[in-house]
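Peer 1:
Residue numbers (the UniProt record's numbering): 1 to 280.
1) Just the Cα atoms here: how many angstroms apart are residue 249 and residue 11?
2) Should residue 77 be labelled buried (16 or more other beta-carbon atoms within 10 Å of its own) or exposed?
3) So, does the segment 239–255 touch the segment 23–39, judging by three or more C-beta pairs under 8 Å?
4) Put residue 52 into one of helix, strand or coil per three-state DSSP.
5) Is the separation between the beta-carbon of residue 40 and that of residue 68 shorter than 7 Å?
6) Cβ-heavy atom distance between residue 240 and the ligand HEM below 6 Å?
7) Pick helix, strand or coil for residue 142, following the three-state DSSP scheme.
8) Have a look at 26, 96 and 235 and flag the residue whose alpha-carbon is nearest the alpha-carbon of residue 111.
9) I need the DSSP call for residue 241, collapsed to helix, strand or coil.
10) Quick one: what's got a C-beta closer than 6 Å to residue 50's C-beta in the same chain, skipping five residues either side?
11) Quick one: is residue 23 buried, meaning 16 or more other Cβ sit within 10 Å of its Cβ, or exposed?
12) Just to check my reading of the structure: residue 19 and residue 27 have Cβ atoms closer than 8 Å, yes? What is that Cβ distance to the nearest angstrom?
13) Using beta-carbon positions only, say whether residue 128 and residue 214 come within less than 7 Å of one another.
14) Is residue 27 helix, strand or coil when you go by DSSP?
15) If contacts are defined as beta-carbon pairs under 8 Å, then residue 104 and residue 212 qualify, I think. What distance do you get, rounded to the angstrom?
16) Answer yes or no: do residue 46 and residue 90 have a C-beta to C-beta separation smaller than 7 Å?
17) With DSSP run on the structure shown, which of helix, strand or coil describes residue 269?
18) Taking Cβ to Cβ, would you say residue 137 is nearer than 7 Å to residue 232?
19) Distance check for residue 218 and residue 273, CA to CA, integer angstroms please.
20) Pick helix, strand or coil for residue 92, following the three-state DSSP scheme.
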């Protein structure tokens, strides 16, 4: 998953044509600053980074896009695989003429930015994988896949009850039930409404070999930070350990007592560790 997010609040939303698809994004900080591009996860949008973008934008150019099929971006009939999303992110970088980019991705977004790193290392400066999909030694277990099932049913059946969303966030996304506020519930409902088609397709394609990146991670030659919540019940901490051991020179940062979306559940600590890595 990728956490709760909504494009209805926050910085002004811009749009750029990417491969024939209107792609929504936000752009903060000095235009001449080193670019940091944030990529959200499954069934969400750029709003998941609301508490992280301002901190990064103090000294850098901080951008976050809505993946095609999500948020304010277009919703074409498309395969919505990790490979497809990675091509779109690379084309987005082309459209904005972004170079030496630090790419940050959570969950599905982590698999996407890792794929971009494998394909276009010369265009990137750094990678940050946050509770990423597809990076563990084993292909996603059925237990992990089961975490996606409630969300897939939401997409098929329409707007779910708030009680169903609340239980899902408590069981699969946040480590602490107290972190599941009314705001997160409403933002999750809104994000799913905007990503119904893409989420249905992506929920299936995440189970395909295209999304299993672990065997290729040793080819990553970029400075890489792996950030993981110790209590992630969607993609367990062992996946983060596997990824950090597989990627040459990667560093693993564990946020104790935190679940699948550390940038939302513990934003101050997440920002501290991210900024330290970006500043190296």
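A virtual CB, placed ideally from N, CA and C, is assigned to each residue, including glycine.
Peer 2: Short version:
1) 35 Å
2) exposed
3) no
4) coil
5) no
6) This structure lacks the ligand HEM, and indeed carries no ligand of any kind.
7) At residue 142, the pLDDT of 40 sits below 50, so the modelled position is not reliable; the number obtained from the coordinates is stated separately. Helix, per DSSP.
8) Of 26, 96 and 235, the residue nearest in Cα terms is 235.
9) Note: residue 241 maps to helix in three-state DSSP.
10) 10
11) Under this definition residue 23 is a buried residue.
12) The pair is not a contact, with the Cβ atoms about 19 Å apart (cut-off 8 Å).
13) no
14) Collapsing the DSSP output to three states places residue 27 in a strand.
15) About 21 Å; that fails the 8 Å criterion.
16) no
17) helix
18) no
19) 23 Å
20) helix
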